[in-house]
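Have a look at the structure below, then the notes.
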Amino acid sequence: MLHAVSKNTIRESGARKTFRVFNVLFLTLICVVVVIPIWNVLITSLAKDQDVMGGVFLIVPPSLTFQSYARVLHSGYMRGFWNSMYVALIGTACAMTITVPLGFALAQKRLIARNFFMKLVSLTLVFDAGIMPLYVLIRSLGLIDNRWSLILPFMLSSFNLIIVKNFMMSIPESFVESAWLDGCNDLMALVRIVIPMSVPILAAVTLFYFVSFWNRYTEAVMFINNSSKYTLQVMLRALIYQSDGSLGEGNVVYDNTKMAVMVLGMLPVMLIYPFVQRHFVSGLMLGGVKG
Amino acid sequence: MKRTASMRAYPPGSLKKRLWKQRWLFVMLIPGIIWFLVFKYATYAGLALSFTNYGFRKTVSFVGLRNFQRLFKSMSFWNAFRNTLLISLYNIVFYFPFPILIALLINELRSVHTKRLVQFLIYIPYFFSWVVVGSIFVNLLSPSSGIVNQIMRSLGMESIYFMSDVRWFRKVLIAAYIWKQMGYGAVIYVATLSTVDPQLYEAAEIDGCGRFKQVIYVTLPTIRPTIMTMLLLNLSHVLMIFDQIMVMYNASVYSVSDVLQTYAYREGILTGNLGFGTAVSLFVGIISLLLVLGTNWVSKHFLEDPIL
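In order, the protein sequence lines correspond to chains R and C. Start counting the first sequence at 1; every next residue gets the next number (the numbering used here). Start counting the second sequence at 1001; every next residue gets the next number (the numbering used here).
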């Protein structure tokens, strides 16, 4: 690769140079299109009330204050935040405790009836029954208005399962076998040998699960009618699309306060993203290859 | 050879003995399998409700194909079907090639750090919820304060009410989809591109291919399996489009954005006619399945590249 690059630099044509310049400009434009709206949300949330009155699109921060965050901290949106946290944390913990052992078991070629279990899992990738049967199921389990309705049905994702399984298949069987020699059973081998070897991929899968629980909207609308159990995403949608006035004086909710709720809605994910980001690619590649 | 290599893994003896040897594996396997049976296979069985009048009455009775007859006579169903197909088609035509293009361009960057930075940035929106993305677009496209309309006004154009204009709303949906998802696709393609053997490029260069021809004859064929897998993944959920619509649509654009899933939601859950709603779900599921199997068949027969 290096060789090829250096050869190119020696006889770089004019057209090639023009392309390079346009390429950099185009990708910069793409990045600006991605970053500016997020930046706008952030600085609007940090602006004073009088700087956002009348609706302006801020690119340069006019003022820096945590005024709107203080307002959000004392509002009903915090209950939404904690409801979302509850679902996302317990959900992710449950999801990992069920996905990792299943992925490990399916990765063992010696498993009796392994093909049957694999078929059982991969069929669900091709066919999805849609929302209605799930709603009926949740209703008949008596889980409507229960936060577990946002946890139980999403405790396993076939995509994440296949990532874990494929990664564990790449670990040589001799590692597990040597654990047996030390007197471990399969469960202990998983905990002591295989999990420590899979930390990066498990970190990525954990974040995938956390994001899916934290961001879930439609099912929260379908399964939760009791407003004290609303998740943050549901409350945020209502705030942006039809201001309910619980935050401002009178009936006005200033943009800075709306944006503060929005920052709250993306905060946990954004805090973890930079640390786990480099593991995503390998995770996605493992999930993309044939199951 | 297989026997000696994995004597321990395949101990001789009865099935009972082997099961006992693997008891811990089954302890790990069973909770997950039960989950699949309850939350996947039971919902498949639940599709049978589409042949009943479940929902309104206390007693549930079999009504044959009556739900489907009603469905196919309903104007709003055909409208939702048409919208689903149109939005899916736009999605495939406008969204799908985008990450490939971006990845090819990122691949042309020289500095590894710039490559990483671009990927890091464009991947961010993928982790936002549809609610956050929807809110960001409401913000951007607001007729009074949104930056898009401000730019248009400064160019002497009229403001457009993007979120409530039937001529614009579907375009907004696709733009938001591209904004949120392009980084995800691009990152996967960039990773695949790094696996292309550099010798192939050198060989192509000796054969007189310029950079553009190298992309056509070397790069694209090498990443074709990834493209096909991504296409299949995309097709498998394109008809299931739901979250984005639920977040972004409003009464003034129902006519162009009501899709099968939102139709099922309104008819089934809001109206309470669960049997009828399930019929819609079954219909979407079958069309989606045919689409996936069809693509896989095409890929297998014409590209000799089965994906599933």
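Every residue, glycine too, gets a C-beta built ideally from N, C-alpha and C. The structure presented is a predicted model; accordingly, all values stated were derived computationally and were not measured.
Asked                                                                                                                          : Found
Beta carbon proximity, residue 1257 of chain C to chain R, threshold 9 Å                                                       : no
Beta-carbon gap between residue 1036 of chain C and residue 111 of chain R smaller than 9 Å                                    : no
7 Å Cβ shell around residue 58 of chain R - same chain, five flanking residues per side excluded                               : 40, 43, 44 and 47
Reduced DSSP category for residue 19 of chain R - H, G, I as helix; E, B as strand; rest coil                                  : helix
4 or more residues per run - each alpha helix (DSSP H) lying fully within the region 1031-1106 of chain C                      : 1042-1046, 1066-1073 and 1075-1090
CA-to-CA distance, residue 1074 of chain C to residue 1196 of chain C, given in whole angstroms                                : 52 Å
The ligand COA heavy atom lying under 8 Å from the CB of residue 233 of chain R                                                : Questions concerning the ligand COA fall outside what the structure shown contains, since it holds no ligand whatsoever.
Exposure label - residue 1241 of chain C; buried when at least 16 CB within 10 Å                                               : buried
Chain R within 9 Å of residue 1139 of chain C, Cβ atoms only                                                                   : yes
Touch test, the region 1105-1117 of chain C against the region 196-213 of chain R, Cβ-Cβ under 8 Å, three pairs minimum        : no
Residue from C:1114, C:1126 and C:1218 with nearest C-alpha to residue 1181 of chain C                                         : C:1126
Option nearest residue 1079 of chain C by Cα separation, candidates C:1227, C:1249 and C:1260                                  : C:1260
Classification of residue 1244 of chain C by the beta-carbon crowding that lies within 10 angstroms, buried from 16 upward     : buried
Proximity of residue 1013 of chain C and residue 156 of chain R at Cβ, strictly below 9 Å                                      : no
Range of the contiguous alpha helix (DSSP H) that encloses residue 1287 of chain C                                             : 1274-1302
Residue 109 of chain R versus residue 1039 of chain C - alpha carbon distance                                                  : 26 Å
Local conformation of residue 245 of chain R per DSSP, three classes                                                           : Caution is warranted here: a pLDDT of 42 is assigned to residue 245 of chain R, below 50, making its placement in the model unreliable, and no coordinate value can be reported.
Interface positions of the region 64-95 of chain R facing chain C (Cβ-Cβ less than 9 Å), listed along the chain                : none
9 Å Cβ cutoff, residue 40 of chain R in contact with chain C                                                                   : yes
Proximity of residue 1264 of chain C and residue 130 of chain R at Cβ, strictly below 9 Å                                      : yes
Selection of the region 1092-1112 of chain C by Cβ proximity to chain R, strictly under 8 Å                                    : 1102, 1105, 1106, 1108, 1109 and 1110
Reduced DSSP secondary structure (H/G/I, E/B, other) of residue 1018 of chain C                                                : helix
Closer than 9 Å to chain C by CB, residue 217 of chain R                                                                       : yes
Proximity test, Cβ basis, 9 Å: residue 1013 of chain C and chain R                                                             : no
Where the alpha helix (DSSP H) through residue 1266 of chain C begins and ends                                                 : Here residue 1266 of chain C belongs to no alpha helix (DSSP H), and DSSP marks it neither H nor E.
Close beta carbons around residue 208 of chain R, own chain, < 6 Å, minus the five adjacent residues each side                 : 160
Expected contact under 8 Å - CB spacing of residue 1148 of chain C and residue 1141 of chain C to nearest Å                    : 5 Å
Buried or exposed by the 16-neighbour rule on C-beta atoms within 10 Å, applied to residue 198 of chain R                      : buried
Chain R contacts made by the region 1258-1275 of chain C, where a contact means CB separation under 8 Å                        : 1261, 1264, 1265, 1268, 1269 and 1274
Spatial distance of residue 1022 of chain C from residue 236 of chain R (CA atoms)                                             : 49 Å
Residue 267 of chain R classed as buried or exposed, judged by whether at least 16 other C-beta atoms fall within 10 angstroms : exposed
Per-residue contacts from residue 302 of chain R into chain C (C-beta, under 8 Å)                                              : A query on residue 302 of chain R cannot be resolved here, the shown segment of chain R reaching from 1 to 291 and no further.
Local conformation of residue 51 of chain R per DSSP, three classes                                                            : helix
Residue 180 of chain R - containing alpha helix (DSSP H), residue span                                                         : 173-181
Interface residues of the region 1015-1045 of chain C facing chain R [CB-CB below 7 Å]                                         : 1018, 1019, 1022, 1024, 1025, 1027, 1028, 1029, 1031, 1032, 1033, 1035, 1036, 1039, 1040, 1042, 1043 and 1044
9 Å Cβ cutoff, residue 1246 of chain C in contact with chain R                                                                 : yes
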